[in-house]
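Have a look at the structure below, then the notes.
There are 2 protein chains.
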Amino acid sequence: MSAVEESWTRALERILELTVLLHQDAARGLARDGLTTSRATLLWKLREIGPAPQRRLAEELDVSPRNVTGLVDALEATGFVTREHDPADRRASLVTLTEHGASVVERLRRQRDELARDLFGAMPETRFDAFTAGLDDVLRRLHTLVAEEARAADGAAPS
Amino acid sequence: MSAVEESWTRALERILELTVLLHQDAARGLARDGLTTSRATLLWKLREIGPAPQRRLAEELDVSPRNVTGLVDALEATGFVTREHDPADRRASLVTLTEHGASVVERLRRQRDELARDLFGAMPETRFDAFTAGLDDVLRRLHTLVAEEARAADGAAPS
DNA sequence: GCAGGTTGGTGTAGCTTCTTCACGATGAGT
DNA sequence: ACTCATCGTGAAGAAGCTACACCAACCTGC
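Same order as they appear, the protein sequences are chains G and A.
The UniProt record's numbering puts the first sequence at residues 1 to 159.
The UniProt record's numbering puts the second sequence at residues 1 to 159.
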């Protein structure tokens with residue numbers, strides 16, 4: 001493997017290290033609010049799209065409807081959300097943030113912005129711009145790779 | 001929030017998107033080899049440090065010894081590792097890669113290098129260098145933040 | 001040489017996330 | 001009114017993780 005290739009591998013390794021650190025940091029912060037990653041993800045989505053039936057949440061979060069039932073059960077028991085009646089469909093229940101839930105999500109949002117400031121605030125603007133440009137490149141490449149892989153998987157085992 | 005601050009938040013969001021994509025991609029690839037993320041992490045560590053007692057693996061992976069027992073059980077049942085007798089300590093068992101396990105880990109290593117090439121190979125060198133420079137900055141910042149947080153937590157609840 | 005504390009691994013019990021399958025209740029189209 | 005699709009949930013189970021209890025084997029110090 002050439003020196004250039006090794007530098008690519010090292011860069012990927014550092015990205016993976018970053019993902020681990022971010023995940024750990026997030027999980028620890030959420031635990032302080034009595035939340036887990038999955039539950040917080042649901043709350044976050046709720047902040048984004050407003051009260052929603054569980055089916056919608058399952059699609060948005062890309063998990064099974066049954067899983068959403070469990071997450072909402074837990075969030076309801078701990079006072080983050082309530083299940084309201086959907087006036088338009090008696091089968092469905094509108095998952096809704098409580099006041100407490102909304103305030104916690106708002107705090108999470110502030111903490112995210114703080115983290116962004118802590119990470120990038122001290123970086124010279126030109127370096128920041130170069131970094132985000134490279135980041136966009138990587139994201140685009142990754143998106144196309146994932147799409148190609150999905151196509152290949154479909155071709156091998158068409159659903 | 002100023003425009004600059006918003007750009008920081010957007011950058012962080014894109015990093016988080018990257019972590020999600022990488023994690024999904026990795027999990028899907030591993031599933032094809034009959035592995036999960038946790039089990040693959042153990043195999044990877046084994047490749048790095050060679051045959052090791054479970055206690056050592058628990059420390060290296062930062063999980064409970066009990067958890068390692070379960071992971072090794074599964075990896076042993078699926079033929080990736082064996083538990084060898086430690087000649088120096090009859091309590092301990094040396095977790096050792098089988099031939100199959102070693103070849104799979106080797107393939108994982110190659111796939112990682114391929115991914116790195118796919119992600120960075122088409123990037124102009126100056127952009128790549130600028131990206132990794134920014135990445136290093138972010139990693140350093142994050143490391144110090146995590147360290148500070150750990151210190152604060154220790155101060156609040158000294159173990 | 002052996003009592004006493006330490007360490008390595010695992011049984012038990014439990015939580016969380018996630019899945020699939022089955023089923024009841026409701027909604028919607030013919 | 002009948003049929004079929006849809007919403008949510010019970011049941012069962014895989015996988016990762018934890019803490020606690022316990023045994024066997026190791027290591028000290030007398």
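Just so it is clear, CB atoms sit at the ideal spot from N, CA and C, and this is done for glycine as well.
Could you please give the first and the last residue of the uninterrupted alpha helix (DSSP H) stretch that includes residue i?
i	result
G:Leu22	3-32
Is there a Cβ of chain A sitting closer than 8 Å to that of residue i, yes or no?
i	result
G:Val146	yes
G:Glu17	yes
G:Arg14	yes
G:Phe120	yes
G:Phe80	no
G:Ala116	yes
residue 171 of chain G	With chain G represented from 1 up to 159, any question about residue 171 of chain G goes unanswered, as that position is not in the structure.
G:Asp89	no
G:Ala133	yes
residue 176 of chain G	Nothing about residue 176 of chain G can be read from this structure; chain G reaches only from 1 to 159.
G:Val72	no
G:Glu5	yes
Buried or exposed: which applies to residue i, given that a residue is buried once 16 or more other Cβ atoms fall within 10 Å of its Cβ?
i	result
A:Gly50	exposed
A:Arg28	exposed
A:Met1	exposed
G:Gln24	exposed
G:Gly101	buried
G:Gly70	exposed
A:Ala3	exposed
A:Val20	exposed
G:Thr9	buried
G:Arg39	buried
G:Ala88	exposed
A:Ala152	exposed
G:Ala58	buried
A:Gly134	buried
A:Ala130	buried
G:Ala122	exposed
A:Ser159	Interpretation of A:Ser159 is limited by its pLDDT of 38, a score under 50 that renders its predicted location unreliable; the figure taken from the coordinates is listed afterwards. A:Ser159 should be labelled exposed.
G:Ala52	buried
Tell me the residue span of the beta strand (DSSP E) that contains residue i.
i	result
A:Ser93	93-97
Comparing the C-beta of residue i with each C-beta of chain G, is any distance below 8 Å?
i	result
A:Arg112	yes
A:Phe128	yes
A:His23	yes
A:Trp8	yes
A:Arg141	yes
A:Ala11	yes
A:Asp33	no
A:Arg39	no
A:Val68	no
A:Asp137	yes
A:Ser159	Because A:Ser159 sits at a pLDDT of 38, beneath the cut-off of 50, its placement in the model cannot be relied upon, and the following sentence gives the value as read from the coordinates. Judged by the 8 Å Cβ criterion, A:Ser159 is not in contact with chain G.
A:Met123	yes
Can you give the beta carbon distance from residue i to residue j, rounded, assuming they're within the 8 Å contact cut?
i	j	result
G:Leu18	A:Leu139	6 Å
A:Thr126	G:Ala11	Their Cβ separation, rounded to whole angstroms, is 14 Å, which puts A:Thr126 and G:Ala11 out of contact at 8 Å.
A:Val95	A:Gln54	6 Å
A:Leu30	A:Thr36	6 Å
A:Leu115	A:Val81	With a Cβ gap of about 25 Å, A:Leu115 and A:Val81 do not count as contacting.
A:Leu119	G:Arg141	5 Å
G:Asp113	A:Glu5	7 Å
Every unbroken beta strand (DSSP E) inside the region 33-120 of chain A [3 residues or more] = 81-85, 93-97
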